[in-house]
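Take a look at the structure below.
There are 2 protein chains.
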Amino acid sequence: MKWDTLDEEPCSLSRTVAVVGDRWTLLILRECFLRVRRFEAFQSSLQITRHLLSERLKKLVRFGILRRVPYSEAPKRYEYILTQKGLDLYPIIMAMVHWGDTHMGDERGRPLLHEHKTCGKLFDPVMVCSECGEPLHAKQVHVHAGPGRRGADAA
Amino acid sequence: MKWDTLDEEPCSLSRTVAVVGDRWTLLILRECFLRVRRFEAFQSSLQITRHLLSERLKKLVRFGILRRVPYSEAPKRYEYILTQKGLDLYPIIMAMVHWGDTHMGDERGRPLLHEHKTCGKLFDPVMVCSECGEPLHAKQVHVHAGPGRRGADAA
DNA sequence: TTTGACAGTTCTATTTTAGAACTATAGCCT
DNA sequence: AGGCTATAGTTCTAAAATAGAACTGTCAAA
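Chains as they are written, first to last, in our numbering: chain X, 1 to 155; chain E, 1 to 155.
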């Protein structure tokens, strides 16, 4: 597979996988949502090699997920901030956290609890239909070819 | 990083990443949700090498995402069916598809459109709070340590 | 002037993945 | 019987990605 052009496939899942489809990238994004912003902080909390961290940050900047922002002029130092495009990855991360909570938990209970500031309660994320508001299940969804379809790819 | 024990980390995201955190696995799961079930069908639609496909299917079976079900006795042949645990990955896949639609689209429009059979409309998936039903945004969520927390890991 | 913090880069060794060929079982055709 | 096809894998070598450790450069503080 040509991973270098995966982001141009006529499949939205493939295009997303091109960006977040590896282990480190998802863990780096987790840290971003936990307000980690600096190279050393990512490196020490993840135990990722500096080389790989550098590569992944560059890639995330290239895709417009993170912005590299100077926070010190002398010496020049930068931190990495989620863009709106990056913030929009939140449902993916939360869906993964929720699945892990549900299916990969152990006897000790959840590692983290999430509070919705808006309503003040501990919550789980639920995926619903934008039209009727009902929770979504795979079997209730029918897939149609859209205008950007080509060949037999899909998702 | 010890990827072989990532599924035991005190972090639900890590545990999920241990299962679906690579490119091929997510693409294989896409095919599963499109009703692909057989080795040859996965292989020809994804152009994955037979070796890797075999490895990934074994891993998904090991984690209880797919069930290997015989569909022919002589010769013995098997197909791969999503378990409930596998079906529950749907929100992750849909969240990724939606992000791809929103942020990685091209001028030709979406590759696929999704119809909610329950209400009959074309929809987008929306992640909401289980308690108040409002759409979730990263900035409105506050994270607390849960009972399964240990050390500085999180998500 | 030496040490430490920070943000990387460079190097070699190990692990993973790609790509192609090979194995095994059995039905169908002649 | 002998060969062709379909299906579901396994095995092999080469190429690519990752791990792990050491190194670079800038500046501040001791």
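C-beta: ideal position from N, C-alpha, C; glycine also.
Checking the DSSP bridge columns, you'll see Pro75 of chain E has no partner listed. Cβ proximity to chain E below 9 Å picks out Trp99, Gly100, Asp101, Thr102, His103, Met104, Gly105, Asp106, Glu107, Arg108, Gly109, Arg110, Pro111 and Leu112 from the stretch 99-112 of chain X.
Residues of chain E whose Cβ lies closer than 7 Å to the Cβ of Ser54 of chain X do not exist, since the nearest Cβ in that chain is about 16 Å away. Counting along the chain, the unbroken beta strand (DSSP E) around His114 of chain E starts and ends at Leu112 to His116. In chain order, Val141 and Val143 make up the part of chain E whose C-beta sits under 7 Å from the C-beta of His114 of chain X. In the structure shown, Ile81 of chain E adopts extended strand secondary structure according to DSSP, grouped into three states. In this model, Pro10 of chain E and Met96 of chain E are separated by some 24 Å (Cα to Cα). In the structure shown, Cys11 of chain E adopts coil according to DSSP, grouped into three states.
For Ala95 of chain E, the enclosing alpha helix (DSSP H) starts and ends at Tyr90 to His103.
For Arg67 of chain X, the beta-bridge partners assigned by DSSP are X:Ile81. Closest option to Ser12 of chain E, judged by alpha-carbon separation, among X:Leu82, X:Trp3 and X:Leu27: X:Leu27. Take Arg50 of chain E, set aside five residues on each side of it, and the residues of its chain with a beta-carbon closer than 7 Å to its own are Gln43, in chain order. Looking from the CA of Thr118 of chain X, the closest CA among E:Leu113, E:Gly133, E:Val126 and E:Gly109 belongs to E:Gly133. The beta-carbon of Ile28 of chain E is placed no less than 7 Å from the nearest beta-carbon of chain X. Under the three-state reduction of DSSP, Val19 of chain E is assigned to helix. Under the Cβ distance rule, Arg35 of chain X does not count among the residues neighbouring chain E, no pair being separated by less than 7 Å. Beta-bridge annotation (DSSP): Ala145 of chain X is paired with E:Leu112. Residue pairing from DSSP places Val128 of chain X in a beta bridge opposite X:Pro135 and E:Val126.
For Val36 of chain E, there is no enclosing alpha helix (DSSP H), as DSSP marks it with neither H nor E. Under the Cβ distance rule, Phe39 of chain E does not count among the residues neighbouring chain X, no pair being separated by less than 7 Å.
In chain order, Arg68 place their CB closer than 6 Å to the CB of Val61 of chain E, counting only its own chain and leaving out the 5 sequence neighbours on each side. Lys59 of chain X carries a helical assignment under DSSP once its states are collapsed to helix, strand and coil. Note on Ser72 of chain X: under 16 other CB atoms within 10 angstroms of its CB, so exposed under the neighbour-count rule. Leu53 of chain E has its alpha-carbon roughly 35 Å from the corresponding atom of Arg150 of chain E. Take Lys76 of chain X, set aside five residues on each side of it, and the residues of its chain with a beta-carbon closer than 7 Å to its own are Pro70, in chain order. Scanning X:Gly105, X:Phe63 and X:Lys139 for the CA closest to the CA of Leu6 of chain X turns up X:Phe63. Burial check for Ala145 of chain E: the Cβ neighbour count within 10 Å stays below 16, so the residue is exposed. In this structure the stretch 77-87 of chain X does not touch the stretch 112-129 of chain E; the number of beta carbon pairs closer than 8 Å is below three.
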